[in-house]
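Undergrad: These protein sequences, in sequence, are chains A and B.
Residue numbers for the first sequence, in our numbering: 10 to 666.
Residue numbers for the second sequence, in our numbering: 10 to 666.
There are 2 protein chains.
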Amino acid sequence: MSETVDLVFTNAHVLTMDENFTQYDPGAVAVRGDEIIAAGPDAEIQQNFDAPQLVDCQGKALLPGLINTHTHAPMTLLRGIADDLRLDVWLLGYLMPVEREFVSPEFVRLGTDLACIEMIRSGTTCFADMYYFEDEVAKAAEYAGLRAVVGQTVLRFPAPDAGSFEEALASAEQLIKKWKGHPLIIPSVAPHAPYTCTDTILRAVADLAIKYDVPLQIHLAETEFEVNASRDEHNMPVIPYVKKQGVLDAKTIAAHCVHLDDGEMNTLEHHGTGVAHNPSSNLKLASGIAPIAKMHEVGVHVGIGTDGPASNNDLDMFEEIRLAALLAKGSSGDPTAIPARTAIAMATCGGAKALHLDHLIGSIEAGKRADMILVDLGCLHNAPRFRRDDDAIYARLVYASKSTDVTDVMVNGNWLMQDRVVHLKNETELLQSADEFARRIDSFLIERERSVASKLVAIGGAAEQESFEVQAKIRVTNIDQLHEALKGSDIEVLHHRHYHEYDTYFSFDELDQGWLRYREDEYLDETEAVNSVRARLTLIGPVQESELPSQVLLSRSRYMAPASHSRRFYREYFKPTGELEIVKDRQRWRVLFRGTELYINLDTIEKPDLGTFLEVKSRTWSRVDAEHKATVASALLGALGGNPDDTVTLDYFQMIN
Amino acid sequence: MSETVDLVFTNAHVLTMDENFTQYDPGAVAVRGDEIIAAGPDAEIQQNFDAPQLVDCQGKALLPGLINTHTHAPMTLLRGIADDLRLDVWLLGYLMPVEREFVSPEFVRLGTDLACIEMIRSGTTCFADMYYFEDEVAKAAEYAGLRAVVGQTVLRFPAPDAGSFEEALASAEQLIKKWKGHPLIIPSVAPHAPYTCTDTILRAVADLAIKYDVPLQIHLAETEFEVNASRDEHNMPVIPYVKKQGVLDAKTIAAHCVHLDDGEMNTLEHHGTGVAHNPSSNLKLASGIAPIAKMHEVGVHVGIGTDGPASNNDLDMFEEIRLAALLAKGSSGDPTAIPARTAIAMATCGGAKALHLDHLIGSIEAGKRADMILVDLGCLHNAPRFRRDDDAIYARLVYASKSTDVTDVMVNGNWLMQDRVVHLKNETELLQSADEFARRIDSFLIERERSVASKLVAIGGAAEQESFEVQAKIRVTNIDQLHEALKGSDIEVLHHRHYHEYDTYFSFDELDQGWLRYREDEYLDETEAVNSVRARLTLIGPVQESELPSQVLLSRSRYMAPASHSRRFYREYFKPTGELEIVKDRQRWRVLFRGTELYINLDTIEKPDLGTFLEVKSRTWSRVDAEHKATVASALLGALGGNPDDTVTLDYFQMIN
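(1) At a CB-CB cut-off below 7 Å, which residues of chain A make contact with Asp210/B?
(2) Going by the beta-carbon positions, is the gap between Leu87/B and Ala319/B smaller than 9 Å?
(3) Any beta carbon from chain A within less than 9 Å of Pro300/B's own beta carbon?
(4) Spell out whether any CB of chain B is found under 9 Å from the CB atom of His390/A.
(5) Given Ile683/A, which residues of its chain have a CB within under 7 Å of its CB, disregarding the five upstream and five downstream residues?
(6) Chain B partners of Gly587/A, CB-CB under 9 Å?
(7) Taking the alpha-carbon of Ala522/A as reference, which of Lys584/A, Glu529/A, Arg577/A and Tyr508/A has the nearest alpha-carbon?
(8) Closer than 9 Å by beta-carbon distance: list the chain A residues that pair up with Ile129/B, in chain order.
(9) Taking DSSP as the reference, what is the three-state secondary structure of Asp512/B?
(10) Check the C-beta distance from Ile665/A over to Pro617/A and give it rounded, since I have them as a contact under 8 Å.
(11) Would you say Leu389/B and Glu436/A are within 9 Å of each other, going by their C-beta atoms?
(12) Could you list which residues in chain A have their beta carbon closer than 9 Å to that of Arg429/B, in chain order?
(13) Anything in chain A within Cβ reach of Pro348/B, meaning under 7 Å, just list it in chain order.
(14) Taking 9 Å as the threshold (beta carbon to beta carbon), is Arg88/B in contact with chain A?
(15) Within its chain, find whatever has a CB closer than 7 Å to the CB of Asn291/A; leave out the 5 residues flanking it on each side and keep chain order.
(16) When we look at the beta-carbon of Ile455/B and count the other beta-carbons within 10 Å, is it buried (16 or more) or exposed?
(17) Taking Cβ-Cβ distances shorter than 9 Å, what residues in chain A pair up with Asn321/B?
(18) With H, G and I counted as helix, E and B as strand and the rest as coil, what does DSSP make of Gly272/B?
(19) Per the DSSP calculation, Cys135/B is bridged to which residue(s)?
(20) Any C-beta of chain A sitting closer than 9 Å to the C-beta of Ile126/B?
(21) For Asp399/A, count neighbouring Cβ atoms within 10 angstroms of its own Cβ and tell me buried if that reaches 16, exposed if not.
(22) Could you pull the DSSP bridge partners for Asp59/B from this structure?
(23) Where does Lys303/B sit, in a helix, a strand or coil, going by DSSP?
(24) With a threshold of 8 Å, are at least 3 pairs of Cβ atoms found where one atom belongs to the stretch 109-116 of chain A and the other to the stretch 345-364 of chain A?
(25) Determine which residues of the stretch 287-298 of chain B have a Cβ less than 9 Å from any Cβ of chain A, and write them out in chain order.
(26) At least one CB of chain B closer than 9 Å to the CB of Thr416/A: is that the case?
(27) When we look at the beta-carbon of Phe136/B and count the other beta-carbons within 10 Å, is it buried (16 or more) or exposed?
(28) Pick out whichever of Tyr250/B, Arg240/B and His201/B has its Cα sitting closest to the Cα of His228/B.
(29) Check whether the Cβ atoms of Ala215/B and Gln254/B sit closer than 9 Å, and answer yes or no.
(30) Tell me, please, whether the CB atom of Ile468/A is closer than 9 Å to any CB atom in chain B?
(31) Output the distance between the C-alpha atoms of Met326/A and Val415/A, rounded to the nearest integer angstrom.
(32) Quick check: what's the CA-CA separation for Thr705/A versus Ala70/A?
(33) Contact between the stretch 40-52 of chain A and the stretch 357-368 of chain A: three or more CB pairs below 8 Å?
(34) Buried or exposed: where does Thr13/A fall if 16 or more other Cβ atoms within 10 Å of its Cβ makes it buried?
(35) Taking the alpha helix (DSSP H) that Glu329/A belongs to, which residues open and close that run?
(36) First and last residue of the alpha helix (DSSP H) that includes Ala213/A?
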């Protein structure tokens, strides 16, 4: 009478997460091979099916395995490398330099091996990954028995696994061809983000994804900065821009979507684009809180993700589910937003939709793959149990369960964990290898942090300038005399500017690090109003001086960069041990004197109150030219009424140091 | 040479959480009796101290026990009773009715017994509690070996353990006298909140707390609603108001403080008031996000709390610490806000300050009580370990550790948990008793939810009115004729009003539940502008009709209440299965006709478009009076030009149902 299957889960509280949120309590589920054959009331299933393996679930919750819709699994190896930093400091200052140095196939495999164990233990049965060397991620997931969407990263910069976009695209195609049709691995292409790609790249990856009918993963609208930049550059926010490049025509999975307007949500809904919501990461990096209640209302397929363990710092989906439910309430002022059932749906059936895999996974229904977990709701921290409201069990899972309450995990009909024991056996070795990587990375960073110059280079944008400078400076007591002299016929004023300069000099314990100057120039117009502002960063190496008649020739190594970040960024990144501030009023003239162009600065140092100084300066690249200019500069100083006895040879910051 | 102590923790990564955040790795800590004798480098301590008990910590983190600065421990028994509801529905609809029915000394003891085990397991060594029958909380904490600040609730309403404020105050004094000086229990008085107390109560509790030098616990500025109400009633926000009543002159612990202005923060700092930040609860009930980064900057002593398990839904301090750190970043846009070290400080030394107990606990320093926990940072979900940055260990604790990584807990020199085994032995019995309570509460709620009337009574404010009503209604076609008639000498108009009425009728599957009408009246002035608005709620029982000549006498049970909540509240609370809307324009005259006062309504039903009707109505309490009024009403209808053939006997909502 009864049909034979391989295994029957009995005596479970089955949360099917089907369209009607059907529950069976007590319920049972029959599994044959990799497939769910039936789910229903315990007695009915036990009557209809025979199986060599009967699993008594002891009243635990049996639900679809959790789906982590966005992560960078190999980054377990970078967990805790640098925290509580601003996004730019964290990313440009630490993550990217370390990745450039360390990411290899071995790194990716090891990191993913660790991630898989962590995910299994916390009830995740499927994860969507974006990183480099994704073939290694695929192999690690296959080895662990986890289902994974593996996305080969494509971007316009050289990456650890590709010298160019074309190479990355070729790798992605190779990955897709190799894994397509695999029972566990879904290959995918992953353009990193609109701002790290180009129109051409986005179109090419979309074409690739459509050609092979594979998912496309991309970071979209993660920060307000990104949205503003998109508006500036493309005259539209992020979603319309990527839509224009055809990105939404693929089976797209958009990570983050923190900053969307209503129209963009409708666009995502219309295209069936999946959204991966990463609440911990978005908070930790202060990107914001994604409007998932609104997206859910509009009908967007919202899943939940952990993001990489470097920005979370773990792969615990229970934390993310809980946070998704709580944040939706706290940020909207509506405590009924994203109720527990919806949050669990986002991590199961909704996540499956977001990954375009709902035909395979996400619910306990006949015909779907046997990806299921058992969660013990009988723990003291989850007692007592109220039964009045059918939705109470979702609330218990979301608000009181911990990932450590997961006891059993099955993927594709295979046991990955039973009674809290993960079947993979190499954990100790993996941990040792990870610590070895951490030691090497620590050494690399400690070495790098010894030098301000290498830290400056690490964040990019800085160019080294070995410069010689002629500089003659005298203390001025009679300014009127100077102004009179400037009117003299032998000095031709080519240009005049007036500004306020705010200099911050960062100093370091080791003197040979030099000084790092952060300068903001405020240009003043004729009415003394601020006309424009510019910020520059200069690393001033130790000075080598050689005296010329009445003047000083300075030579020093300088790294100059436009200060594209804030003073705060540089302070947090370089961690100076000392800091000096100088505020001065500067009148600057470019003059022609005896056929030579020179600069005259009339500086009144307002903070600290050092007095007024006259500088004659000229940049030069040769010793001979320097000697000539020194002579002319000396004569100019004289013509301006300067007295060589008042010569000052120190820089301002040296005067107060 | 070396001094003898009782116990030495060796080979630990000691986070002292002292003023300088001193760490010892490897470190050791010597304990004698209930006291920490010394903390320092492993070799030094081992050299200086001998002990019969040497605890090899195997490199785990040894830190001060976590301090939960705000909870309602007995509410473990209400965990998961009702979730994802609006604060009013949750509190007035579920929590308070259940508390009124079930809270007893037995309930409080059982709930606290459970809470203590949960807290021990998750590394909490001290908690601050506010509830009823606090003597039972004290006994449970003492039995479990936990340190606790136990606050007897005082409020202006009758409570489960006190019929009046005076009784509650006397209980509090009794509690204080009984427990003051106890090595683990710190008695305290807990005025619930400004809005549930009065000036007199607040002054009395402040006097009591000051007289006995004990902490005072209170909920302050939890919701924006509370702040606005304080401004309306007292012309000032919450903190100045309670300051005025002397509340801040005590050793006060203010829970929540979600909505504060800068001045209020300064006031809290000035008075040394402790703040208990409850991030999960504040999100879950959508109260908002407390500005703790700002408070911390100002110098307010901010601790972290779980709030009660009915609004969290657990007592896991690791979740709260993590959320405190993440929310501060996400809500401010600054990822450096509340870095991990600060978050751990808030849960240890800062929490101790918030509870006014920093002379005793909060750090691992000689002379303090031996309240310490060991946390295993070697788990896979916390690997690998970077050592470059001293603060990395705090980040590992905050962002990647789980409460289940706590392995050992000591309070006052006594082991409460070793190697994850809690020493209390009665867990199974406690869980059975808790399930028994849950079953009883479920039955109570299921019974109550069967009747709309009892649900209405449960939220208070509703009064039953058994009423008879004379009602005569006809369809009107000629309105001018009516207005003419009203000018007739036999009708004296006593009063006239014009308004717009918006009625929502909620219906229920079971017809004998009747209809629940939510009505908003907009009074219109002479210029047809809205003058004022009033909302009322009426539960209209099944109608019993008996015809009188030309009219209908209706008798029905009605519960009437001013609708102090929104239509949304009632919809979410009563969960009707159907809903009807009627919008009408109503002119209402109170008239004297043949010596009898009657009401005339001229109703134009705008939505749905039913036409215009004339009603003559009068409320009555006796059958004889009703028959008399029915005759007069009939005559009045005639005088107004009504034709008995146009009589309508249905209520408007019945016409469209």
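C-beta: ideal position from N, C-alpha, C; glycine also.
TA: Well, looking at it:
(1) On the second sequence, position 201 is the one that residue 210/B refers to. Reading the sequence as shown, one finds Ile at residue 210/B and not Asp. Here the premise fails: no neighbours, minimum Cβ distance about 29 Å.
(2) As a position in the second sequence, residue 87/B is number 78, starting the count at 1. As a position in the second sequence, residue 319/B is number 310, starting the count at 1. The answer is yes: Cβ separation under 9 Å.
(3) Counting from 1 along the second sequence, the entry for residue 300/B is found at position 291. No - not a single Cβ of chain A is within 9 Å of the one on Pro300/B.
(4) As a first step, residue 390/A must be located in the first sequence, where it is residue number 381. At a cut-off of 9 Å, the C-beta of His390/A has a neighbouring C-beta in chain B.
(5) Residue 683/A is absent from the model: chain A starts at 10 and stops at 666.
(6) The sequence position of residue 587/A within the first sequence is 578, counting from 1. Neighbours of Gly587/A on chain B: none; closest Cβ ~20 Å, over 9 Å.
(7) The residue you call residue 522/A lines up with position 513 of the first sequence. A small fix is needed here, since residue 522/A is Gln in this sequence, not Ala. Nearest of Lys584/A, Glu529/A, Arg577/A and Tyr508/A to Gln522/A, Cα basis: Lys584/A.
(8) Position 120 of the second sequence, counting from 1, holds the residue named residue 129/B. Simply none; closest approach about 10 Å.
(9) In the second sequence, residue 512/B corresponds to position 503, counting from 1. The answer is strand: DSSP assigns Asp512/B an E or B state.
(10) Looking up residue 665/A in the first sequence gives position 656. Looking up residue 617/A in the first sequence gives position 608. Sure, about 6 Å apart at Cβ, within 8 Å.
(11) Residue 389/B sits at position 380 when you count from the first residue of the second sequence. Residue 436/A sits at position 427 when you count from the first residue of the first sequence. Contact annotation: Leu389/B and Glu436/A have beta-carbon atoms nearer than 9 Å.
(12) Counting from 1 along the second sequence, the entry for residue 429/B is found at position 420. Here the premise fails: no neighbours, minimum Cβ distance about 11 Å.
(13) Position 339 of the second sequence, counted from the first residue, corresponds to residue 348/B. By Cβ distance, chain A contributes Asp93.
(14) Position 79 of the second sequence holds residue 88/B. Put simply, the CB of Arg88/B is near chain A, with a gap under 9 Å to one of its CB atoms.
(15) Looking up residue 291/A in the first sequence gives position 282. Answer for Asn291/A: His265, Val267, Gly297, Ile298 and Ala299, listed in chain order.
(16) Within the second sequence, the letter at position 446 stands for residue 455/B. Exposed.
(17) In the second sequence, counting from the first residue as 1, residue 321/B sits at position 312. Within 9 Å Cβ-Cβ: Tyr408 and Ala409.
(18) As a working mapping, residue 272/B is identified with position 263 in the second sequence. Helix at Gly272/B.
(19) On the second sequence, position 126 is the one that residue 135/B refers to. Answer is Ile76/B and Arg156/B.
(20) Along the second sequence, read from residue 1 onward, the residue named residue 126/B stands at position 117. For Ile126/B, the answer is yes, since a Cβ of chain A falls inside 9 Å of its Cβ.
(21) Along the first sequence, read from residue 1 onward, the residue named residue 399/A stands at position 390. That one is exposed.
(22) Against the second sequence, residue 59/B aligns to sequence position 50. DSSP, once it has assigned bridges, lists Thr13/B as partnering Asp59/B.
(23) By one-based count along the second sequence, residue 303/B stands at place 294. Note: Lys303/B maps to helix in three-state DSSP.
(24) A contact between stretches requires three or more CB pairs, one per stretch, nearer than 8 Å, and the stretch 109-116 of chain A fails this requirement with the stretch 345-364 of chain A.
(25) For the stretch 287-298 of chain B, which is checked against every Cβ of chain A, the residues closer than 9 Å are Pro288, Ser289, Asn291, Leu292, Lys293, Leu294, Ala295, Ser296, Gly297 and Ile298.
(26) Taking the first residue of the first sequence as 1, we reach residue 416/A at position 407. Output row for Thr416/A: interface = no.
(27) As a first step, residue 136/B must be located in the second sequence, where it is residue number 127. Flag for Phe136/B reads buried.
(28) Taking the first residue of the second sequence as 1, we reach residue 228/B at position 219. Taking only the C-alpha atoms, the option nearest His228/B is His201/B.
(29) Taking the first residue of the second sequence as position 1, residue 215/B is located at position 206. Taking the first residue of the second sequence as position 1, residue 254/B is located at position 245. Result yes, Cβ atoms of Ala215/B and Gln254/B sit closer than 9 Å.
(30) Position 459 of the first sequence, counted from the first residue, corresponds to residue 468/A. Chain B places no beta carbon closer than 9 Å to that of Ile468/A, leaving this residue out of the contacts.
(31) Position 317 of the first sequence, counted from the start, is the residue given in the question as residue 326/A. Position 406 of the first sequence, counted from the start, is the residue given in the question as residue 415/A. It is roughly 11 Å from the alpha-carbon of Met326/A to the alpha-carbon of Val415/A.
(32) There is simply no residue 705/A to check, as chain A begins at 10 and stops at 666 in what is shown.
(33) Too few Cβ pairs lie closer than 8 Å, so no.
(34) Indexing the first sequence from 1 puts residue 13/A at position 4. Result: exposed.
(35) Position 320 of the first sequence, counted from the first residue, corresponds to residue 329/A. Taken as a continuous stretch (DSSP letters only), the alpha helix (DSSP H) holding Glu329/A covers Met326 to Ser341.
(36) Mapped onto the first sequence, residue 213/A falls at position 204. Its alpha helix (DSSP H) spans residues Asp208 to Tyr221.
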